[in-house]
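Asker: For the sequence shown, our numbering assigns the number 2 to the initial residue and increments by one for each residue that follows.
The structure that follows is given in the form of structure tokens.
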Amino acid sequence: MTGSIGVIGIALAIGLGAIGPGIGIGIAGGQALSAIGRNPEAAPLIQVNMFIALAFAEAIAIYALVISLILLGKV
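What follows is the structure, given as structure tokens:
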């Protein structure tokens, strides 16, 4: 990759790679808060499962960042 096409590819890699996990984290957080509001006794279990799911979603965004940095080294 050379020139501005490569830079656009890098921007798309991180941009599209981060929008999915961002939306997923928002949905998961909202649903978890809704579940805790309906059943406050289950809050500890819901929070643990939510944090595990958020960590996996965030890992995907970090993978996109790593790929974009690798592509940046090839420009």
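Idealized CB from N, CA, C, for every residue including glycine.
If you measure between the beta carbons of I61 and P22, is that distance less than 8 angstroms?
Answerer: It is a contact, given that the beta carbons lie within the stated cut-off.
Asker: According to the Cβ coordinates, are L72 and I11 closer than 8 angstroms?
Answerer: Cβ atoms of L72 and I11: closer than 8 angstroms.
Asker: Assuming the contact rule is C-beta atoms closer than 8 angstroms, L66 and A29 should be a hit. Round their C-beta distance to whole Å, please.
Answerer: The Cβ separation is near 20 angstroms, so there is no contact.
Asker: With H, G and I counted as helix, E and B as strand and the rest as coil, what does DSSP make of V76?
Answerer: Of the three classes helix, strand and coil, the one that applies to V76 here is coil, per DSSP.
Asker: Would you tell me roughly how many angstroms separate the C-alpha atoms of I9 and L70, rounded to the nearest one?
Answerer: C-alpha separation (whole angstroms): 13 angstroms.
Asker: So what does DSSP say about N40, is it helix, strand or coil?
Answerer: Coil at N40, not helix or strand.
Asker: In chain order, what residues of the same chain have a beta carbon less than 7 angstroms from the beta carbon of I47, not counting five sequence neighbours either side?
Answerer: Within the same chain, I47 has close Cβ partners A33, A36 and I37.
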